[in-house]
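There are 2 protein chains.
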Amino acid sequence: MKPETDARTDTRKKILDLAEVLMLSRGFNAFSYQHISGELGVRNAAIHYHFPKKTDLGVALIERYRRRFARYVAAQAELPPPLQLERYFTLADTYYDKQQICPSGILSAELHTLPPEMRQCTASFVEEMRAWAVDIVRRGQQEGAMQYAGTPEGMGTIVFAAMQGSLQLARLDGGALDEVKQQIRLLLGISAS
Amino acid sequence: MKPETDARTDTRKKILDLAEVLMLSRGFNAFSYQHISGELGVRNAAIHYHFPKKTDLGVALIERYRRRFARYVAAQAELPPPLQLERYFTLADTYYDKQQICPSGILSAELHTLPPEMRQCTASFVEEMRAWAVDIVRRGQQEGAMQYAGTPEGMGTIVFAAMQGSLQLARLDGGALDEVKQQIRLLLGISAS
DNA sequence: GACACCTTACTGACCAGTAAGTAGAGTCGC
DNA sequence: GCGACTCTACTTACTGGTCAGTAAGGTGTC
Numbered sequence: 001m002k003p004e005t006d007a008r009t010d011t012r013k014k015i016l017d018l019a020e021v022l023m024l025s026r027g028f029n030a031f032s033y034q035h036i037s038g039e040l041g042v043r044n045a046a047i048h049y050h051f052p053k054k055t056d057l058g059v060a061l062i063e064r065y066r067r068r069f070a071r072y073v074a075a076q077a078e079l080p081p082p083l084q085l086e087r088y089f090t091l092a093d094t095y096y097d098k099q100q101i102c103p104s105g106i107l108s109a110e111l112h113t114l115p116p117e118m119r120q121c122t123a124s125f126v127e128e129m130r131a132w133a134v135d136i137v138r139r140g141q142q143e144g145a146m147q148y149a150g151t152p153e154g155m156g157t158i159v160f161a162a163m164q165g166s167l168q169l170a171r172l173d174g175g176a177l178d179e180v181k182q183q184i185r186l187l188l189g190i191s192a193s
Numbered sequence: 001m002k003p004e005t006d007a008r009t010d011t012r013k014k015i016l017d018l019a020e021v022l023m024l025s026r027g028f029n030a031f032s033y034q035h036i037s038g039e040l041g042v043r044n045a046a047i048h049y050h051f052p053k054k055t056d057l058g059v060a061l062i063e064r065y066r067r068r069f070a071r072y073v074a075a076q077a078e079l080p081p082p083l084q085l086e087r088y089f090t091l092a093d094t095y096y097d098k099q100q101i102c103p104s105g106i107l108s109a110e111l112h113t114l115p116p117e118m119r120q121c122t123a124s125f126v127e128e129m130r131a132w133a134v135d136i137v138r139r140g141q142q143e144g145a146m147q148y149a150g151t152p153e154g155m156g157t158i159v160f161a162a163m164q165g166s167l168q169l170a171r172l173d174g175g176a177l178d179e180v181k182q183q184i185r186l187l188l189g190i191s192a193s
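Sequence order for the protein chains is A and B.
Just so it is clear: in the first sequence, position 24 is 24 by full-length UniProt numbering, and no numbers are missing.
Just so it is clear: in the second sequence, position 64 is 64 by full-length UniProt numbering, and no numbers are missing.
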């Protein structure tokens with residue numbers, strides 16, 4: 001009989017979940033082991049048991065994100081590109097509702113203060129996300145569901161950059177995210193939805 | 001006879017200059033008075049003399065940026081919109097060359113960890129920058145030098161968000177900035193330059 | 001009795017911020 | 001033209017708090 005939760009993975013997962021929320025709202029440098037242990041009702045050293053160095057926690061966080069993102073992409077690979085884009089927009093909305101920004105945004109903003117191990121996997125993660133955005137608009141163009149000027153690389157990159165930027169701006173100007181989403185629809189020639 | 005430099009303004013300016021570089025490359029939370037005093041060859045308390053709290057330094061930094069930005073905008077208000085956009089692109093390049101990101105990017109990413117006074121003037125600053133981007137594309141459209149889908153608000157906001165995002169991404173993917181710049185030119189219908 | 005998963009107790013580094021003192025330059029009365 | 005005063009721009013020396021990280025011990029489970 002497979003245990004639903006064993007203590008090991010359970011606490012470890014709770015730590016990662018809390019750390020993720022903290023990173024996406026405050027940034028990696030701006031949260032401490034105290035924030036996590038306090039919330040979790042354990043001692044500081046318990047976090048160090050699972051993640052000896054904060055760098056270990058950071059790397060685990062990013063790697064989990066990469067796996068989750070890969071699953072997310074695979075799960076809806078068969079959907080029409082415009083619908084994938086709308087799902088992406090919905091995802092951004094949930095970040096906005098939680099007052100968070102996207103991981104690539106906070107990681108690239110803090111990049112110069114991150115340990116080298118984290119920089120490494122951040123680079124891979126961000127490249128994967130950008131490539132996915134490029135892929136959506138490329139397939140959208142091929143299937144005739146999207147029309148736009150320029151290359152899929154240019155369009156995908158600007159979509160990704162604009163979404164990352166607008167999630168940050170939306171913290172200060174609540175309307176920015178909706179405005180950017182709508183403008184992206186127009187630029188891709190998919191005004192109806 | 002007016003003194004070229006008196007000690008007061010000189011040290012104060014050097015502190016602001018150094019703090020600005022530190023903030024744009026490492027972020028506001030990730031630099032300390034030690035970073036500045038060490039580089040400047042003074043003691044820590046000298047910084048506290050000019051800026052009692054770190055919040056004071058942060059606010060002074062943003063307010064100086066706002067004044068500089070206002071002068072920058074005024075100085076080229078008469079230029080044709082497409083040229084203003086190119087100047088903006090050139091400005092972004094100099095940030096990239098210095099491995100920095102734009103102030104609105106770092107400030108909005110760190111927003112939740114900033115003191116309230118800094119959040120306040122950050123909001124004003126970011127709104128001014130966004131409005132400026134909107135104004136460029138609006139006038140570009142009115143003068144017939146730019147053609148694009150959607151409203152000036154939508155297009156200006158996406159241009160601003162995409163530039164902010166791509167400056168961050170460019171730290172990990174050097175090509176992102178050029179790609180976004182070129183795509184913006186295409187989307188505004190000003191491919192030649 | 002071995003191992004996973006914690007605890008208590010601690011270290012040293014760094015941090016923002018403060019208090020009190022000082023050197024030098026300018027100003028004033030005389 | 002000279003002492004007394006004052007102000008600016010620092011200094012030294014310190015505090016209390018927070019941080020990541022470690023060592024050693026305890027406790028329940030297989």
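In this text, a Cβ means the ideal position worked out from N, Cα and C, and glycines have one as well.
Can you confirm whether residue i, when its beta carbon is compared against all beta carbons of chain A, has any partner nearer than 8 angstroms?
{"i": "residue 23 of chain B", "result": "no"}
{"i": "residue 111 of chain B", "result": "yes"}
{"i": "residue 101 of chain B", "result": "yes"}
{"i": "residue 118 of chain B", "result": "no"}
{"i": "residue 164 of chain B", "result": "yes"}
{"i": "residue 154 of chain B", "result": "yes"}
{"i": "residue 168 of chain B", "result": "yes"}
{"i": "residue 97 of chain B", "result": "no"}
{"i": "residue 86 of chain B", "result": "no"}
{"i": "residue 173 of chain B", "result": "yes"}
{"i": "residue 59 of chain B", "result": "no"}
{"i": "residue 91 of chain B", "result": "no"}
Would you tell me roughly how many angstroms separate the C-alpha atoms of residue i and residue j, rounded to the nearest one?
{"i": "residue 19 of chain A", "j": "residue 100 of chain A", "result": "13 angstroms"}
{"i": "residue 51 of chain A", "j": "residue 11 of chain A", "result": "11 angstroms"}
{"i": "residue 124 of chain B", "j": "residue 49 of chain A", "result": "44 angstroms"}
{"i": "residue 103 of chain A", "j": "residue 166 of chain A", "result": "13 angstroms"}
{"i": "residue 16 of chain B", "j": "residue 76 of chain B", "result": "25 angstroms"}
{"i": "residue 25 of chain B", "j": "residue 112 of chain A", "result": "7 angstroms"}
{"i": "residue 108 of chain B", "j": "residue 109 of chain A", "result": "10 angstroms"}
{"i": "residue 85 of chain A", "j": "residue 149 of chain A", "result": "18 angstroms"}
{"i": "residue 152 of chain A", "j": "residue 170 of chain B", "result": "18 angstroms"}
{"i": "residue 155 of chain B", "j": "residue 53 of chain B", "result": "39 angstroms"}
{"i": "residue 33 of chain A", "j": "residue 78 of chain A", "result": "41 angstroms"}
{"i": "residue 225 of chain B", "j": "residue 187 of chain A", "result": "With chain B covering 1 to 193 only, the question about residue 225 of chain B has no answer from this structure."}
{"i": "residue 27 of chain B", "j": "residue 94 of chain A", "result": "26 angstroms"}
{"i": "residue 122 of chain B", "j": "residue 116 of chain B", "result": "10 angstroms"}
{"i": "residue 68 of chain A", "j": "residue 68 of chain B", "result": "43 angstroms"}
Alpha carbons only, please: which of the options is nearest the one belonging to residue i?
{"i": "residue 73 of chain A", "options": "A:128, A:36, A:109, A:21", "result": "A:128"}
{"i": "residue 135 of chain B", "options": "B:103, B:171, B:53, B:157", "result": "B:157"}
{"i": "residue 120 of chain A", "options": "A:86, A:152, A:141, A:66", "result": "A:66"}
{"i": "residue 70 of chain B", "options": "B:31, B:152, B:131", "result": "B:131"}
{"i": "residue 177 of chain B", "options": "B:13, B:92, B:31", "result": "B:92"}
{"i": "residue 30 of chain B", "options": "A:21, A:114, A:41", "result": "A:114"}
{"i": "residue 175 of chain A", "options": "A:126, A:141, A:140, A:96", "result": "A:96"}
{"i": "residue 172 of chain A", "options": "B:142, B:126, B:168", "result": "B:126"}
{"i": "residue 22 of chain B", "options": "B:98, B:68, B:64", "result": "B:98"}
In its own chain, which residues sit with a C-beta less than 8 angstroms from the C-beta of residue i, not counting the 5 before and 5 after it?
{"i": "residue 145 of chain B", "result": "80, 81, 82, 190"}
{"i": "residue 37 of chain A", "result": "43, 44, 46, 47"}
{"i": "residue 39 of chain A", "result": "18"}
{"i": "residue 143 of chain A", "result": "80, 81"}
Among residues of its own chain, excluding the 5 on either side of residue i, which ones have a beta-carbon nearer than 7 angstroms to its beta-carbon?
{"i": "residue 181 of chain A", "result": "89"}
{"i": "residue 118 of chain B", "result": "55, 58, 59, 62"}
{"i": "residue 159 of chain A", "result": "133, 137, 184"}
{"i": "residue 87 of chain A", "result": "76"}
{"i": "residue 164 of chain A", "result": "102, 104, 105"}
{"i": "residue 14 of chain A", "result": "40"}
{"i": "residue 168 of chain B", "result": "101, 105"}
{"i": "residue 64 of chain B", "result": "16"}
Hey, is residue i's beta-carbon within less than 8 angstroms of any beta-carbon in chain B?
{"i": "residue 32 of chain A", "result": "no"}
{"i": "residue 182 of chain A", "result": "yes"}
{"i": "residue 144 of chain A", "result": "no"}
{"i": "residue 123 of chain A", "result": "yes"}
{"i": "residue 29 of chain A", "result": "yes"}
{"i": "residue 138 of chain A", "result": "no"}
{"i": "residue 39 of chain A", "result": "no"}
{"i": "residue 135 of chain A", "result": "no"}
{"i": "residue 106 of chain A", "result": "yes"}
{"i": "residue 158 of chain A", "result": "yes"}
Suppose the cutoff is 6 angstroms on Cβ atoms and the five residues either side in sequence are ignored; what does the same chain contact list for residue i look like?
{"i": "residue 162 of chain A", "result": "180"}
{"i": "residue 140 of chain B", "result": "81, 146"}
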